[in-house]
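A.B. asks: Take this structure first; my questions come after.
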Amino acid sequence: MLTNSPRGTNDILPNSVGDWNYVEGEIRNLCRRFGYQEIRTPIFEHTELFQRGIGEGTDVVDKEMYTFNDRGGRSITLRPENTASAMRAYLQNKLYADSNLVKLFYIGSMFRYDRPQAGRLREFHQFGVEAVGEANPAVDAEVILLAINLLEGLGLKDLELCLNSVGCPKCRGQYRTMLQDFFRDKLDELCEDCQSRFERSPLRILDCKADSDKPYMADAPKITDCLCDECRDHFEGVKKLLTKAGVKYTLDHRLVRGLDYYTRTAFEIKYAPLGAQSTVAGGGRYDGLIEEMGGNPTPSVGFATGIERLLLALEKQGLLPEKNNTTDAYIVALGENAQTEAFKIMMDLRKAGLSVGMDYAGRSMKAQMKQANKAGALCAVILGDDEIAEGVAMLRNMTDSEQNKVPVADLVKEINTVVGLAQLKKFATGTNAQASIEKLAESLKQ
RNA sequence: GCGGUCUUGGUGAAGUGGUUAACACACUGGAUUGUGGCUCCAGCAUGCAAGGGUUCGAUCCCCUUAGAUCGCCCCA
């Protein structure tokens, strides 16, 4: 027990934080270009926020929340998603005063008690975006394009954008009764799940994966045929802008999202190779949420993407950046005396901005050289009693194995030369560039 | 929450109801006294997820628990 993290949680270890930083960096850069600003909300909120926001009767609220009473007897819940929190923060801090369209993004841990699988964890990480205050279909399109730009910008291919409109409370209410009328006499033939969905959320019946139910779906009324004029115009507007932007989408009139607050636009982006957890991003419009929470009616759109799933997809396609950890210099010290001097020299070099390491175990020179190699050191600084007496160090270039005596006072400059050349070589492409760097290296040696 | 599969060292793994649990990688040390990357040699699981049971004897059989994984549900 003591040596195992709770089920469904993961450590992000040093060998993979690089991937996380990479993805988060791309996200931040993209959000800057789109004009979205970061918001960080608490990891936990009053339980009621989620009950009201996400909706009772949804799976997330009914069976997946981490809810507990704090020592003051308040019911607290670890956030299962971030939209409700962001809207709470928007209202509480009166962000609507800043602009009629407030564009926010977040990156952070979310918590849902569900059975873990690949791509599904109990603590997982989401990046999400919320555009608050504007009903224009352009905002829907912008949000969808942001999602697509992110995924494609990371290099992902073979994505599928599924699009639907779930209407507003007015037309959805009508559609709901139409659906119930349609399924009422077929109820006995539907699978058990669907029978229980019939009253609770008939729209979900459309989403049923049971083969036995599929024959009925074809004839079921489509929500897109039942939209009110405003909703239909809105949906047409979104589609027009997406087409204009060259985005391919598949209309899926059975796409129904599991959180109650969605209205009108609903979309998912899927990456099929992930299997059962193939949805890498999902979202839509939630025009009623802020009003539900006690604010003025404020139309909004957003989406969220699971970072773990994103990383899985990137890994599958080999799109994660290469890890090349290098150290500028590694100090090899021989003997106790030298080790003390070396420590001081290392600190000075670090102060000068270099990344420097050394061995503390008092190992043999050979072993220390191995360490230097393993650390990816560009140079080794070798210090024995003789060198110290002379005030010099042996500076060995680990890439070409050349070495010479250098006054300790010149170490920073000399190491920087080696490091600089190594970096130049890394970025140089083509034989010409390589050749001129070789020349440069030669001239520097003289 | 439901159903299926799986769980051997730091890692990838082979394997058997019976004295020493292959092999590879990694790691540590060594191969003429102060020089890495290649090669060679040596060391490295009293233990086969945990607990219980069957048995003269179990890592291999049975049960329970935990975790992983696949599918369902749901979602990111």
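Numbers 7 to 452, taken from the numbering used here, label the letters of the first sequence in order.
The beta-carbon is built from N, C-alpha and C at its ideal position, and this holds for glycine as well.
Using CA coordinates, which residue listed in Ile275, Arg80 and Phe309 is at the minimum distance from His52?
C.D. replies: Your numbering for residue 52 matches position 46 in the first sequence. The candidate whose alpha carbon is nearest that of His52 is Arg80.
A.B. asks: Using the Cα positions of Leu384 and Glu342, report the straight-line distance between them to the nearest angstrom.
C.D. replies: To locate residue 384, count along the first sequence from 1; it is residue 378. To locate residue 342, count along the first sequence from 1; it is residue 336. Whole-angstrom Cα-Cα distance: 25 Å.
A.B. asks: The alpha helix (DSSP H) with Lys357 in it runs from where to where?
C.D. replies: To locate residue 357, count along the first sequence from 1; it is residue 351. Element bounds for Lys357: Glu342 to Lys357.
A.B. asks: Tyr96 lies in the alpha helix (DSSP H); which residues open and close that run?
C.D. replies: Start at 1 with the first residue of the first sequence, and residue 96 comes out as number 90. Start and end: Thr89 to Gln98.
A.B. asks: Where does Gly281 sit, in a helix, a strand or coil, going by DSSP?
C.D. replies: One-based indexing of the first sequence puts residue 281 at position 275. It is helical.
A.B. asks: Under DSSP, the alpha helix (DSSP H) around Arg402 begins and ends at which residues?
C.D. replies: To locate residue 402, count along the first sequence from 1; it is residue 396. Where Arg402 is concerned, there is no enclosing alpha helix (DSSP H), although the beta strand (DSSP E) it sits in stretches over Val398 to Asn403.
A.B. asks: Output the distance between the C-alpha atoms of Glu148 and Ala124, rounded to the nearest integer angstrom.
C.D. replies: For this step, residue 148 is matched to residue 142 along the first sequence. For this step, residue 124 is matched to residue 118 along the first sequence. Taking the straight line from one Cα to the other gives about 30 Å.
A.B. asks: Among the residues of its own chain, which have a CB less than 7 Å from the CB of Asp25, if the five just before and after it don't count?
C.D. replies: As a working mapping, residue 25 is identified with position 19 in the first sequence. So the qualifying residues of the chain are Leu317 and Leu326.
A.B. asks: Within 8 Å, do at least three Cβ pairs link the stretch 328 to 345 to the stretch 153 to 168?
C.D. replies: Touching, no, given that fewer than three Cβ pairs across the two stretches are closer than 8 Å.
A.B. asks: When we look at the beta-carbon of Pro175 and count the other beta-carbons within 10 Å, is it buried (16 or more) or exposed?
C.D. replies: As a position in the first sequence, residue 175 is number 169, starting the count at 1. Result: exposed.
A.B. asks: So what does DSSP say about Leu160, is it helix, strand or coil?
C.D. replies: In the first sequence, the residue the question calls residue 160 occupies position 154. In this structure, Leu160 counts as coil in the three-state DSSP scheme.
A.B. asks: What residue from Gly61, Leu257 and Ile313 has the CA that sits closest to Glu16's CA?
C.D. replies: Taking the first residue of the first sequence as 1, we reach residue 16 at position 10. The question names Glu, yet the displayed sequence has Asn at residue 16. Of Gly61, Leu257 and Ile313, the residue nearest in Cα terms is Ile313.
A.B. asks: Quick one: what does DSSP say Glu420 is sitting in, helix, strand or coil?
C.D. replies: As a position in the first sequence, residue 420 is number 414, starting the count at 1. In this structure, Glu420 counts as helix in the three-state DSSP scheme.
A.B. asks: Apart from the five residues on each side of it in sequence, which residues of its chain come closer than 7 Å, Cβ to Cβ, to Ala454?
C.D. replies: In the structure displayed, the chain extends from 7 to 452; residue 454 sits before or after that span and is not available.
A.B. asks: Could you tell me the distance, in whole angstroms, from the CA atom of Leu401 to the CA atom of Arg126?
C.D. replies: In the first sequence, counting from the first residue as 1, residue 401 sits at position 395. In the first sequence, counting from the first residue as 1, residue 126 sits at position 120. Taking the straight line from one Cα to the other gives about 50 Å.
A.B. asks: Short of 8 Å in beta carbon distance, which residues of its chain neighbour Asp164, apart from the five on each side in sequence? Order them along the chain.
C.D. replies: Sequence index remark: in the first sequence, residue 164 carries index 158 (1-based). Within the same chain, Asp164 has close Cβ partners Tyr277, Ala278 and Pro279.
A.B. asks: Just to confirm before moving on: does the CB-CB distance between Arg458 and Gly114 stay below 8 Å?
C.D. replies: The structure shown has nothing for residue 458, since the chain only spans 7 to 452.
A.B. asks: Name the one or two DSSP bridge partners that Leu110 has.
C.D. replies: Position 104 of the first sequence holds residue 110. Paired residues: Gln43 and Glu136.
A.B. asks: Considering only C-alpha positions, which residue in the set Lys250, Glu328, Ile394 and Ala415 is nearest to Ser22?
C.D. replies: Within the first sequence, numbered from 1, the residue matching residue 22 stands at position 16. If we check each option's Cα against that of Ser22, Glu328 comes out closest.
A.B. asks: Can you name, in chain order, every residue of its own chain whose Cβ lies under 7 Å from the Cβ of Leu152, other than the five neighbours on each side?
C.D. replies: Numbered from 1 along the first sequence, position 146 holds the residue referred to as residue 152. Leu36, Phe40 and Val135, listed in sequence order.
A.B. asks: From the DSSP output, in three-state form, read off Asn170 for me.
C.D. replies: Indexing the first sequence from 1 puts residue 170 at position 164. The answer is strand: DSSP assigns Asn170 an E or B state.
A.B. asks: On a Cα-Cα basis, can you pick out the residue from Tyr28, Asp120 and Gly397 that is closest to Glu70?
C.D. replies: The residue you call residue 70 lines up with position 64 of the first sequence. Nearest C-alpha to Glu70: Asp120.
A.B. asks: Please report the distance separating the alpha-carbon of Leu360 from that of Asp416.
C.D. replies: For the purposes of this step, residue 360 is identified with residue 354 of the first sequence, where counting begins at 1. For the purposes of this step, residue 416 is identified with residue 410 of the first sequence, where counting begins at 1. Going by the C-alpha atoms only, they are around 14 Å apart.
A.B. asks: Out of curiosity, what's the CA-to-CA distance linking Met453 and Ile351?
C.D. replies: As shown, the chain starts at 7 and ends at 452. That puts residue 453 outside it, with no answer to give.
A.B. asks: Can you tell me the Cα-Cα spacing of Leu247 and Val145, whole angstroms?
C.D. replies: The sequence position of residue 247 within the first sequence is 241, counting from 1. The sequence position of residue 145 within the first sequence is 139, counting from 1. Looking at the two C-alpha atoms, the distance is approximately 10 Å.
A.B. asks: Specify, as a first and last residue, the run of the beta strand (DSSP E) that Lys55 falls within.
C.D. replies: Here residue 55 refers to the residue found at position 49 when the first sequence is read from its first residue. A small fix is needed here, since residue 55 is Leu in this sequence, not Lys. That residue, Leu55, is in no beta strand (DSSP E); its alpha helix (DSSP H) goes Thr53 to Ile60.
A.B. asks: Evaluate Ile275 with the Cβ neighbour count: other Cβ atoms within 10 Å of its Cβ, from every protein chain shown; 16 or more gives buried, anything less gives exposed.
C.D. replies: Position 269 of the first sequence holds residue 275. Answer is buried; the Cβ neighbour count reaches 16.
A.B. asks: If I'm right that Ala90 touches Phe111 with Cβ under 8 Å, what's the distance once you round it to whole angstroms?
C.D. replies: Working through the first sequence from its first residue, we reach residue 90 at position 84. Working through the first sequence from its first residue, we reach residue 111 at position 105. The Cβ separation is near 16 Å, so there is no contact.
A.B. asks: If the criterion is Cβ atoms closer than 8 Å, does the pair Val67 and Gly264 meet it?
C.D. replies: Taking the first sequence and counting its residues from 1, one reaches residue 67 at position 61. Taking the first sequence and counting its residues from 1, one reaches residue 264 at position 258. No; because the gap between Cβ atoms is not below 8 Å, this pair is not in contact.
A.B. asks: Output the distance between the C-alpha atoms of Val253 and Thr9, rounded to the nearest integer angstrom.
C.D. replies: By one-based count along the first sequence, residue 253 stands at place 247. By one-based count along the first sequence, residue 9 stands at place 3. Computed Cα separation, rounded: 48 Å.
A.B. asks: State the DSSP-derived secondary structure class of Met364, mapped to helix, strand or coil.
C.D. replies: Translated into the one-based positions of the first sequence, residue 364 becomes position 358. Met364: strand per DSSP, three-state reduction.
A.B. asks: Taking DSSP as the reference, what is the three-state secondary structure of Lys376?
C.D. replies: Against the first sequence, residue 376 aligns to sequence position 370. In the structure shown, Lys376 sits in a helix (DSSP, three-state: H, G or I).
A.B. asks: Among Thr64, Gly63, Arg85 and Glu62, which residue has its Cα nearest to the Cα of Thr73?
C.D. replies: Within the first sequence, residue 73 is the residue found at index 67, counting from 1. Here the closest residue by C-alpha is Arg85.
A.B. asks: Taking only runs of the alpha helix (DSSP H) that begin and end inside the stretch 230 to 284, which ones reach a length of at least 4 residues, in chain order?
C.D. replies: With a minimum length of 4 residues, the continuous alpha helix (DSSP H) runs that stay inside the stretch 230 to 284 are 235 to 250.
A.B. asks: Which residue comes first and which comes last in the beta strand (DSSP E) that contains Gln409?
C.D. replies: The residue you call residue 409 lines up with position 403 of the first sequence. It spans Gln409 to Pro413 - the beta strand (DSSP E) in which Gln409 sits, taken as one unbroken run.
A.B. asks: Looking only at its chain, what residues have a beta carbon closer than 7 Å to the beta carbon of Leu261, apart from the 5 residues adjacent to it on each side?
C.D. replies: The count along the first sequence starts at 1 and reaches residue 261 at position 255. Cys168, Asn170, Ala272 and Glu274, listed in sequence order.
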